[in-house]
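Notes for the one structure printed next.
Residue numbers (this note's numbering), protein chains in the order written: chain A, 579 to 966; chain B, 579 to 966.
And the structure:
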């Protein structure tokens, strides 16, 4: 088995594009990825596409063939929906196809429109990632769900709102040189602590923004990349996926994410690496507490120690374990269906030495991407490595 | 490469279940499939699940982990959405995983709730399978779209409303002994012609009903079936998928379905068979004209000849090329996300000699399933064969 390569990438700017359609956004990202790859578009064999809330935001289902058409491809096109892990799920399937020889070239990507339906509309649409019967009808929202986790974390392990603020400050700093990021604005711990409360103990800067945007990557088999002499030195060497009970009330523990842990275990085993080998990570920081739980789920930190990582500067570009060099969902933005592939793109740039932070992580060889759906009832993890 | 086997199947009754949730429906089908298969549930490695309108009908996205939980499985769970071809897309991915050795046991299935949102709600929800910007906002509905195709067909090749009525009469007859079917009611050509008009020239009996229901099948690798001595003589030997432009206005021809033709060509080549080898078919007859176009897309009839098949009795169980022995979407019902897997189940029963119509098709060895999304902007085709 040889490892699929990331042969080209494309992103729209993440932010407000309420005047643009989903297909328009995806066309920009998809065509950019094809152009970047140098692959003949006629060689593309499938589109695997992630989208979460198109039914509610655009009154548009069945988006995959529409997106294939938008980038001029006449290929089988399949939409994956796993809430906020939708395009992570698409990447996983592409990896499976490419390494088994079922295909040599697959375009993966995702897009989401959110700002056109406003904050209340987007909050409602996001809520369908949780259990409608047992959570949403009882009044739960995602800020509320993650606030429960943060309060449980503080009680179990200690930690403060100030600790979480360091996650936001770090990710805003990381986003500063990212030309695709939505929030390119430095903030201080004081800014975060003084911001309006969203759901105690989470304030405005503990939450990712509402974002429009699209992402795409051309993945190829290693053989195709070699035959066509593509500039594709970064491979996806491991894939994992896990599930959990949907409703928080049905889980054993508020502070563990077994879906993510299982996905990580599978992906590490698949790649033949372990957490100690990881040099850099992109994790699903929809809220600051989510980054803390993610680095623990990935085994990068022991349970209860993730909260000190940002405070101590360890997860900054200049630290020992840089996390979310793109700015993360927190500052880069979170166009839901596009996020999983955007994480793959960020790691590709970092491992390829093309990130604005590359000088700080020049020795990075192994990256891990963690994409989570809902309150982590779904998760995908991918290991990426520089090939010689 | 060995061919994945259908090792167990399960269906709810198709019809109105407005008092039941989607998870309740899927649990019934999924548990029935596991029970039928004799497979140890701990051996199941993934759930591939199709659903189309859950966001609108149940305010519930992210259904795959919820459905895994409903059947008691702690496995990676992925939702596929390709409008009415959603679970056909799920079957295709399962086949790819099983034959490449990525997995040995996968539960595939789908479910849909529709009746709880009423006819107007369901018609609106179905419309998101077409192009919202260029079709739905202009007032198009699915009966209207298929009516355009029927009128174009009559003009191009000849044919009458009475010819189409024969499709409905046949499929209602086929559904009579199907205990899972929604419409177990014999009708005559006169009944069909006298029924209320929906969209000229299509009347009430030219359209499939609005349906709740779920379907599931346990697919295993051939090796697993052999090792565990499973009763699994029917294999999926070919898979194909195709796409087309989304809006009718952008297509070259109203009477051809290139997505389905491409899917069929790929599936036949994959299986090493041709249309002449096909003994029985389940096709996507959301409208009577859709069955006509489907049998032509599959190469079972020449262009312009599909319309005489039902009139001459050729596609009846007692004819040369039985089509939709289950009753089809037309009379069995069409719980959208469940339909693709329900077709696989019907063909399994026919090829296994366990269909109420088995005496009429005792020599059938090769079946083909055709699942279409929207106005066939997506299609999946699977070839199924009896293995010795």
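C-beta atoms are modelled at their ideal positions from N, C-alpha and C, and glycine is treated no differently.
Rounded to whole angstroms, what is the Cα-Cα separation between residue i and residue j?
i                       : j                      : result
residue 725 of chain A  : residue 585 of chain A : 39 Å
residue 668 of chain B  : residue 740 of chain A : 45 Å
residue 582 of chain A  : residue 748 of chain B : 49 Å
residue 949 of chain A  : residue 821 of chain A : 12 Å
residue 760 of chain A  : residue 625 of chain B : 35 Å
residue 712 of chain A  : residue 632 of chain B : 16 Å
residue 703 of chain B  : residue 639 of chain A : 9 Å
residue 783 of chain A  : residue 722 of chain A : 15 Å
residue 636 of chain B  : residue 807 of chain A : 49 Å
residue 828 of chain A  : residue 840 of chain A : 18 Å
residue 1000 of chain A : residue 874 of chain A : Absent from the model: residue 1000 of chain A. The displayed extent of chain A is 579 to 966, so no value can be given.
residue 959 of chain A  : residue 752 of chain B : 47 Å
residue 838 of chain B  : residue 709 of chain B : 18 Å
residue 766 of chain A  : residue 920 of chain B : 57 Å
residue 718 of chain B  : residue 880 of chain B : 29 Å
residue 830 of chain B  : residue 823 of chain B : 9 Å
residue 803 of chain B  : residue 682 of chain B : 9 Å
residue 706 of chain B  : residue 876 of chain A : 38 Å
residue 955 of chain B  : residue 643 of chain A : 6 Å
residue 675 of chain B  : residue 890 of chain A : 44 Å
residue 580 of chain B  : residue 798 of chain B : 11 Å
residue 602 of chain B  : residue 694 of chain B : 14 Å
residue 770 of chain A  : residue 743 of chain A : 6 Å
residue 764 of chain A  : residue 897 of chain A : 18 Å
residue 951 of chain B  : residue 690 of chain B : 15 Å
residue 614 of chain B  : residue 809 of chain B : 10 Å
residue 680 of chain A  : residue 630 of chain A : 26 Å
Which residues mark the beginning and the end of the beta strand (DSSP E) in which residue i is found?
i                      : result
residue 737 of chain B : No beta strand (DSSP E) contains residue 737 of chain B, which DSSP labels as neither H nor E.
residue 658 of chain B : 655 to 659
residue 821 of chain B : 812 to 821
residue 922 of chain A : Run containing residue 922 of chain A: none in the beta strand (DSSP E); it sits in the alpha helix (DSSP H), 917 to 929.
residue 797 of chain B : 791 to 798
residue 681 of chain B : Unbroken run through residue 681 of chain B: none, as it is neither H nor E.
Would the beta-carbon of residue i be found less than 7 Å away from any heavy atom of the ligand MG?
i                      : result
residue 784 of chain A : This structure does not include the ligand MG; it has no bound ligands of any sort.
Enumerate in chain order the residues of its own chain whose CB-to-CB distance from residue i is below 7 Å, with the five nearest sequence positions on each side excluded.
i                      : result
residue 923 of chain B : 587, 589, 793 and 795
residue 936 of chain A : 928
residue 789 of chain B : 592, 593, 692, 760, 911, 912 and 913
residue 907 of chain A : 786, 862, 863, 864 and 917
residue 653 of chain A : 622, 623, 624, 625 and 646
residue 619 of chain A : 612, 650 and 651
If you run the structure through DSSP and keep just helix, strand and coil, what is residue i?
i                      : result
residue 897 of chain B : coil
residue 952 of chain B : coil
residue 600 of chain B : helix
residue 751 of chain A : helix
residue 689 of chain A : strand
residue 865 of chain B : strand
residue 717 of chain B : coil
Just curious, the alpha helix (DSSP H) that residue i is in, first and last residue?
i                      : result
residue 626 of chain A : Unbroken run through residue 626 of chain A is the beta strand (DSSP E), 624 to 628; no alpha helix (DSSP H).
residue 645 of chain A : 641 to 648
residue 847 of chain B : 836 to 849
residue 696 of chain A : 696 to 705
residue 587 of chain B : Residue 587 of chain B -> not in any alpha helix (DSSP H); beta strand (DSSP E) instead, spanning 583 to 589.
residue 668 of chain A : 664 to 678
residue 890 of chain A : Counting along the chain, residue 890 of chain A falls outside any alpha helix (DSSP H), and DSSP gives it neither H nor E.
residue 909 of chain A : 906 to 910
Can you list, in chain order, the residues of its chain with a C-beta nearer than 6 Å to that of residue i? Leave out the 5 residues immediately preceding and following it.
i                      : result
residue 885 of chain A : 737, 741 and 870
residue 781 of chain A : 773 and 775
residue 645 of chain B : 604 and 627
residue 611 of chain B : 586, 587, 588, 794, 795 and 796
residue 835 of chain B : 871, 875 and 954
residue 825 of chain A : 709, 712 and 713
residue 996 of chain A : One cannot answer for residue 996 of chain A here, as it falls past the ends of chain A, which runs 579 to 966.
To which residues of the same chain is residue i closer than 8 Å at the C-beta, ignoring the five residues directly before and after it?
i                      : result
residue 939 of chain B : 857, 858, 895, 900, 903, 928 and 933
residue 851 of chain A : 815, 816, 944, 961 and 963
residue 734 of chain B : 833 and 882
What residues in the segment 632 to 660 of chain A have a beta carbon less than 9 Å from any beta carbon of chain B?
632, 633, 634, 636, 637, 638, 639, 640, 641, 642, 643, 644, 646, 647, 651, 652, 653, 654, 655, 656, 657, 658, 659 and 660
Of all the residues that make up the segment 681 to 697 of chain A, which are near chain B by a beta-carbon distance shorter than 8 Å?
none
Of all the residues that make up the segment 804 to 821 of chain A, which are near chain B by a beta-carbon distance shorter than 9 Å?
818, 819, 820 and 821
By the 8 Å beta-carbon criterion, what residues does the segment 760 to 784 of chain B contribute toward chain A?
none
Using Cβ-Cβ distances below 7 Å, what residues of the segment 785 to 800 of chain B are close to chain A?
none
Which residues, in order along the segment 595 to 606 of chain A, keep a beta-carbon less than 9 Å from a beta-carbon of chain B?
599 and 601
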